[in-house]
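A.B. asks: To start, I am sharing the structure in question, which I have written as structure tokens.
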Amino acid sequence: MNSIILSALLGVLMMFSGAFVKRTTLSKYFAFVGLAGLFASSVYELIARQPFFHIDVHDMVHTNNFNLAFIAIVLGCTLIYFLLNGSEIEKVGAHVSEYYALIFFILCGISIAATFNTLLMLFIGIEIVSIPLYILTGSDKRNLKSNEAALKYFLMGAFSTGIMLMGIAFIYGGNPNASFFIHNLEIGSGKMPVMIAVGLVFLLVSMSFKVSAAPFHFWTPDVYDGAPTVFTSFMSTIVKVAGFFAFIRLFESAFGVVQNQWQSLVLFITAATLIIGNVTAVFQQSVKRMLAYSSIAQAGFMMLAIFALNNKAKEGILLYSAAYSLATIGIFAILTKMKDYTIDGFNGLAKEQPLLGFAGLIFLLSLTGIPLTAGFQSKFFMLMAAIETGHHYWIAVLAVLLAAVSAYYYFRVIQAIYFKEPSPEGVVSGKLSSVYKLTLILTVILIIIIGIYPELIIGWLYS
Amino acid sequence: MDIKAYIALSLTLFTIGLIGVLVRRNAIIIFMCIELMLNAVNLLLVAFSKMHAASPAVKALPTYASDAQVFVFFIMVVAAAEVSVGLAIIVMMYRNIHSVDVNFLNRLKH
Chain V
958 MNSIILSALL
968 GVLMMFSGAF
978 VKRTTLSKYF
988 AFVGLAGLFA
998 SSVYELIARQ
1008 PFFHIDVHDM
1018 VHTNNFNLAF
1028 IAIVLGCTLI
1038 YFLLNGSEIE
1048 KVGAHVSEYY
1058 ALIFFILCGI
1068 SIAATFNTLL
1078 MLFIGIEIVS
1088 IPLYILTGSD
1098 KRNLKSNEAA
1108 LKYFLMGAFS
1118 TGIMLMGIAF
1128 IYGGNPNASF
1138 FIHNLEIGSG
1148 KMPVMIAVGL
1158 VFLLVSMSFK
1168 VSAAPFHFWT
1178 PDVYDGAPTV
1188 FTSFMSTIVK
1198 VAGFFAFIRL
1208 FESAFGVVQN
1218 QWQSLVLFIT
1228 AATLIIGNVT
1238 AVFQQSVKRM
1248 LAYSSIAQAG
1258 FMMLAIFALN
1268 NKAKEGILLY
1278 SAAYSLATIG
1288 IFAILTKMKD
1298 YTIDGFNGLA
1308 KEQPLLGFAG
1318 LIFLLSLTGI
1328 PLTAGFQSKF
1338 FMLMAAIETG
1348 HHYWIAVLAV
1358 LLAAVSAYYY
1368 FRVIQAIYFK
1378 EPSPEGVVSG
1388 KLSSVYKLTL
1398 ILTVILIIII
1408 GIYPELIIGW
1418 LYS
Chain S
-19 MDIKAYIALS
-9 LTLFTIGLIG
1 VLVRRNAIII
11 FMCIELMLNA
21 VNLLLVAFSK
31 MHAASPAVKA
41 LPTYASDAQV
51 FVFFIMVVAA
61 AEVSVGLAII
71 VMMYRNIHSV
81 DVNFLNRLKH
């Protein structure tokens, strides 16, 4: 509740500060302080279970340990994102405080999408996330690739919204209670009524679009490649895990009772996402595009949580959100400092900038899922959740095999960082601020700590 | 009228919109087709609302199946917000390449 209201207020404040404050660094600090306060308030709500505001929302949003912990994780990752990318956001264009305002609106949408209790709030939450993202994608106005990415993202996003709304309409029609509340659908555990089944398939397709699961992933590489790199970093991590969280919440609360009837559909999507994401990433030369495909591959792992929908899956998705977001934000933060975005551009990074090289090593190891990193724990929990369902073991085997494929394209970058000679013109452009370096070290430490003590995150589920 | 007629009508509109999105190349027309899809949903929601309102079980509820009609207003508002952003993106593209043809969108594939 805190995060919904405060982030919306902060977004409006940032817009006004854009009109009255001319110095961009000032709005950067303002945004950072605001986000730190937002994070603190969400942690307070998680610990005290008492929001600052008591608003009668007629149970349209519902908070519990699971989604409060998720919101706290998302806000914490955004804090690290701000610290690492503050100077890069300034480089995108002149409207710095507006970019921050849009990010705050997205955070508001994420909070709604994580706590929704009716299909109406799901729709509004997802739209509040999507619409500012279209603007951020196109924020590099003179760049044709950015234009193209924005248009493509917008058309695909609006299209999938239409499909989602059709699904919601059918579910409403099939629900004898005539309500949009997800716990009030009266599906029963028998065979689903036709209208509910049609609505479920529509919703499954549109949510797969939003989280870029195959076969609805085709827009992802182009959009992630075309958008300004700082914003790609934001939307491939924080926005994507929020989409997954809404996906899980919807399918667990609304359709959990008839899981056996849609599980094979999700199984197909999971397998396709894993295979297409991992295999296509192998052939990429540009690291940015490789990371776009790797985000599809990681989405395949997160789909395992929707396939399993048990307690381990809940623990797993919290861990995965943190591990995947931290590592990907980190590797994107290194990428933004590079002169050349191809894999060859990383040649000899460790010789020129040992800190960046080492941080990149840890981030890539975590994305691969090497033990002692957070990525290992999160993949481990996902596989455990899939195995605990007691059937369809082949999906876990497939996931492990494709994680081995992913080692190929992640390790190619590590090889370039450590075992190649740097080009004479230098690898990194510009100077690195001390804030940037310290945050990078902090992120590495966080990844290793979560890798050793995953209870630090999982524990919040049961406190 | 029977609810099936409404479902058929709105599914027809929805499918016209869907096919339009897939086959047309002009960004503005694609955009109009998406709006058509949203309006098909609006029609269906209102029809379902009336259908539910006729059933005795729902008559006892305080909301009296009016949720769907409120939902329609939300869809209209969100669609308006989407139009404002979407048209801005299309105008931005037009300024750069003097065309609104989405075939241009294949430049990123390599």
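These protein sequence lines map, in sequence, to chains V and S. The first sequence finishes on residue 1420 if you use my numbering, and the numbering steps up by one all the way, no holes. The second sequence finishes on residue 90 if you use my numbering, and the numbering steps up by one all the way, no holes. We put the beta carbon where it would ideally sit given N, CA and C, even for glycine. The structure presented is a predicted model; accordingly, all values stated were derived computationally and were not measured.
Just list the residues that DSSP pairs V/S935 with in beta bridges.
C.D. replies: Because chain V in this structure spans residues 958 to 1420, residue 935 of chain V falls outside the shown range and cannot be described.
A.B. asks: What are the boundary residues of the alpha helix (DSSP H) that includes V/S1390?
C.D. replies: To locate residue 1390 of chain V, count along the first sequence from 1; it is residue 433. Looking at the DSSP string, V/S1390 is not in any alpha helix (DSSP H), and its letter there is neither H nor E.
A.B. asks: Check whether the Cβ atoms of V/I1067 and V/A1170 lie closer than 8 Å to each other.
C.D. replies: Mapped onto the first sequence, residue 1067 of chain V falls at position 110. Mapped onto the first sequence, residue 1170 of chain V falls at position 213. No, Cβ-Cβ distance for V/I1067 and V/A1170 is not below 8 Å.
A.B. asks: Assuming contact is defined by CB atoms lying nearer than 8 Å, are V/A1228 and V/L1355 in contact in what I supplied?
C.D. replies: On the first sequence, residue 1228 of chain V is found 271 positions in, with the first residue counted as 1. On the first sequence, residue 1355 of chain V is found 398 positions in, with the first residue counted as 1. Cβ atoms of V/A1228 and V/L1355: closer than 8 Å.
A.B. asks: If you check the beta carbons only, do V/S1054 and V/S974 fall under 8 Å apart?
C.D. replies: Position 97 of the first sequence, counting from 1, holds the residue named residue 1054 of chain V. Position 17 of the first sequence, counting from 1, holds the residue named residue 974 of chain V. In contact: V/S1054 and V/S974 (Cβ atoms closer than 8 Å).
A.B. asks: Can you tell me the Cα-Cα spacing of V/L1359 and V/T1230, whole angstroms?
C.D. replies: To locate residue 1359 of chain V, count along the first sequence from 1; it is residue 402. To locate residue 1230 of chain V, count along the first sequence from 1; it is residue 273. Each residue's alpha carbon lies about 11 Å from the other.
A.B. asks: Here's the rule: buried if 16 or more other CB atoms are within 10 angstroms of the residue's CB, otherwise exposed. What is V/W1417?
C.D. replies: Here residue 1417 of chain V is taken as the residue at index 460 of the first sequence, counted from 1. Classification of V/W1417: buried, given that the 10 Å Cβ count is 16 or more.
A.B. asks: So with CB distances below 9 Å, who are the chain S contacts of V/S1098?
C.D. replies: Counting from 1 along the first sequence, the entry for residue 1098 of chain V is found at position 141. The displayed chain sequence assigns Lys, not Ser, to residue 1098 of chain V. Near V/K1098 (Cβ distances below 9 Å), the residues of chain S are M72, R75 and N76.
A.B. asks: For S/D81, which three-state DSSP category applies?
C.D. replies: To locate residue 81 of chain S, count along the second sequence from 1; it is residue 101. Three-state result, S/D81: strand.
A.B. asks: So, does the segment 1147 to 1160 of chain V touch the segment 1205 to 1220 of chain V, judging by three or more C-beta pairs under 8 Å?
C.D. replies: The segment 1147 to 1160 of chain V, when compared against the segment 1205 to 1220 of chain V, does touch it at the 8 Å Cβ threshold.
A.B. asks: Thinking C-beta only, is V/G1257 closer than 8 Å to V/G1234?
C.D. replies: The residue given as residue 1234 of chain V occupies position 277 in the first sequence. The residue given as residue 1257 of chain V occupies position 300 in the first sequence. Cβ distance < 8 Å, so V/G1234 and V/G1257 count as in contact.
A.B. asks: Give the straight-line distance between the Cα atoms of V/M1406 and V/G1347, rounded to the nearest whole angstrom.
C.D. replies: What you label residue 1406 of chain V is simply residue 449 of the first sequence in a count that begins at 1. What you label residue 1347 of chain V is simply residue 390 of the first sequence in a count that begins at 1. A quick correction: the sequence has Ile, not Met, at residue 1406 of chain V. Distance between the alpha carbons of V/I1406 and V/G1347 is about 31 Å.
A.B. asks: Taking the continuous alpha helix (DSSP H) assigned at S/L(-2), which residues delimit it?
C.D. replies: The residue you call residue -2 of chain S lines up with position 18 of the second sequence. It spans I(-17) to V3 - the alpha helix (DSSP H) in which S/L(-2) sits, taken as one unbroken run.
A.B. asks: Please give the ranges of any alpha helix (DSSP H) in the segment 1103 to 1171 of chain V, keeping only runs that are unbroken, at least 4 residues long and fully inside the region.
C.D. replies: Within the segment 1103 to 1171 of chain V, the complete alpha helix (DSSP H) runs of at least 4 residues are 1151 to 1167.
A.B. asks: For V/I1092, return the contacting residues in chain S, with the cut-off set at a CB-CB distance below 7 Å.
C.D. replies: Numbered from its first residue, the first sequence carries residue 1092 of chain V at position 135. Under the 7 Å cutoff, chain S gives V65.
A.B. asks: Report yes if the CB atom of V/V1018 is closer than 8 Å to the CB atom of V/I1069, and no otherwise.
C.D. replies: The residue given as residue 1018 of chain V occupies position 61 in the first sequence. The residue given as residue 1069 of chain V occupies position 112 in the first sequence. Yes, these two residues count as a Cβ contact at 8 Å.
A.B. asks: Going by the CB atoms, is the gap between V/T1020 and V/T1072 shorter than 8 Å?
C.D. replies: Position 115 of the first sequence, counted from the first residue, corresponds to residue 1072 of chain V. Position 63 of the first sequence, counted from the first residue, corresponds to residue 1020 of chain V. It is a contact, given that the beta carbons lie within the stated cut-off.
A.B. asks: Would you grab the beta carbon distance between V/E1309 and V/V1384 for me? Rounded to a whole angstrom, and I think it's under 8 Å.
C.D. replies: Within the first sequence, numbered from 1, the residue matching residue 1309 of chain V stands at position 352. Within the first sequence, numbered from 1, the residue matching residue 1384 of chain V stands at position 427. Yes, V/E1309 and V/V1384 are in contact; Cβ-Cβ is about 5 Å, under 8 Å.
A.B. asks: Counting beta carbon pairs with one atom in the segment 1169 to 1184 of chain V and one in the segment 1120 to 1140 of chain V, are three or more of them shorter than 8 Å?
C.D. replies: These segments do not touch.
A.B. asks: Helix or strand or just coil, what does DSSP make of V/F1073?
C.D. replies: Translated into positions along the first sequence, residue 1073 of chain V becomes position 116. If DSSP states are grouped into helix, strand and coil, V/F1073 belongs with the strands.
A.B. asks: Taking the beta carbon of V/W1176 as the centre, do at least 16 other beta carbons fall within 10 Å, making it buried, or is it exposed?
C.D. replies: Position 219 of the first sequence holds residue 1176 of chain V. Buried, by the Cβ-count rule.
A.B. asks: Under 8 Å, Cβ to Cβ, is there at least one residue of chain V near S/M12?
C.D. replies: In the second sequence, residue 12 of chain S corresponds to position 32, counting from 1. Output row for S/M12: interface = no.
A.B. asks: Looking only at its own chain, which residues have a Cβ that is under 8 Å from the Cβ of V/E1382, when we skip the five neighbours before and after it?
C.D. replies: Here residue 1382 of chain V corresponds to residue number 425 of the first sequence, with the count starting at 1. Closer than 8 Å at Cβ, skipping near neighbours: K1296.
A.B. asks: Where in the segment 1363 to 1417 of chain V do unbroken runs of the alpha helix (DSSP H), each at least 4 residues long, occur, reported from the N-terminal end onward?
C.D. replies: Here the runs fully enclosed are 1391 to 1409 and 1412 to 1415.
A.B. asks: For S/A40 and V/A1364, what's the separation of their Cα atoms in angstroms?
C.D. replies: Here residue 40 of chain S corresponds to residue number 60 of the second sequence, with the count starting at 1. Here residue 1364 of chain V corresponds to residue number 407 of the first sequence, with the count starting at 1. The straight-line gap from Cα to Cα measures roughly 60 Å.
A.B. asks: Can you find a C-beta in chain V that's less than 8 Å from the C-beta of S/F51?
C.D. replies: The residue given as residue 51 of chain S occupies position 71 in the second sequence. Chain V, which has a Cβ nearer than 8 Å to the Cβ of S/F51, makes this yes.
A.B. asks: When you compare only the Cα positions, how much space is there between V/Y1393 and V/V1187?
C.D. replies: Counting from 1 along the first sequence, the entry for residue 1393 of chain V is found at position 436. Counting from 1 along the first sequence, the entry for residue 1187 of chain V is found at position 230. So the two alpha carbons sit approximately 14 Å from each other.
A.B. asks: Determine, for V/S1136, whether the minimum Cβ-Cβ distance to residues of chain S falls below 8 Å.
C.D. replies: Taking the first residue of the first sequence as 1, we reach residue 1136 of chain V at position 179. For V/S1136, the answer is yes, since a Cβ of chain S falls inside 8 Å of its Cβ.
A.B. asks: Have a look at V/L1224, V/E1143 and V/A1373 and flag the residue whose alpha-carbon is nearest the alpha-carbon of V/Y1350.
C.D. replies: To locate residue 1350 of chain V, count along the first sequence from 1; it is residue 393. Considering only alpha carbons, the answer is V/L1224.
A.B. asks: Beta-carbon within less than 6 Å of V/E1047's beta-carbon, same chain only, minus the 5 sequence neighbours each way: which residues are those?
C.D. replies: Counted from its first residue, the first sequence places residue 1047 of chain V at position 90. Excluding positions up to five away in sequence, the list reads T981 and V1053.
A.B. asks: In this structure, does DSSP put V/V1018 in helix, strand or coil?
C.D. replies: For the purposes of this step, residue 1018 of chain V is identified with residue 61 of the first sequence, where counting begins at 1. Strand, per DSSP.
A.B. asks: Of all Cβ atoms in chain S, is any one closer than 8 Å to the Cβ of V/Y1129?
C.D. replies: In the first sequence, counting from the first residue as 1, residue 1129 of chain V sits at position 172. Cβ-Cβ to chain S under 8 Å: yes for V/Y1129.
A.B. asks: Using a Cβ cut-off of 8 Å (strictly closer), state whether S/D81 contacts chain V.
C.D. replies: As a working mapping, residue 81 of chain S is identified with position 101 in the second sequence. Not an interface residue.
A.B. asks: Between the alpha carbons of V/N1217 and V/S1146, how many angstroms are there, rounded?
C.D. replies: In the first sequence, residue 1217 of chain V corresponds to position 260, counting from 1. In the first sequence, residue 1146 of chain V corresponds to position 189, counting from 1. Using only the alpha carbons, I get a separation of about 9 Å.
A.B. asks: Tell me whether V/N1267 sits in a helix, a strand or coil according to DSSP, three-state version.
C.D. replies: As a working mapping, residue 1267 of chain V is identified with position 310 in the first sequence. V/N1267: coil per DSSP, three-state reduction.
A.B. asks: Taking contact to mean at least 3 C-beta pairs separated by less than 8 Å, is the segment -4 to 13 of chain S in contact with the segment 63 to 70 of chain S?
C.D. replies: Yes, since at least three Cβ pairs between the segment -4 to 13 of chain S and the segment 63 to 70 of chain S fall closer than 8 Å, the two stretches touch.
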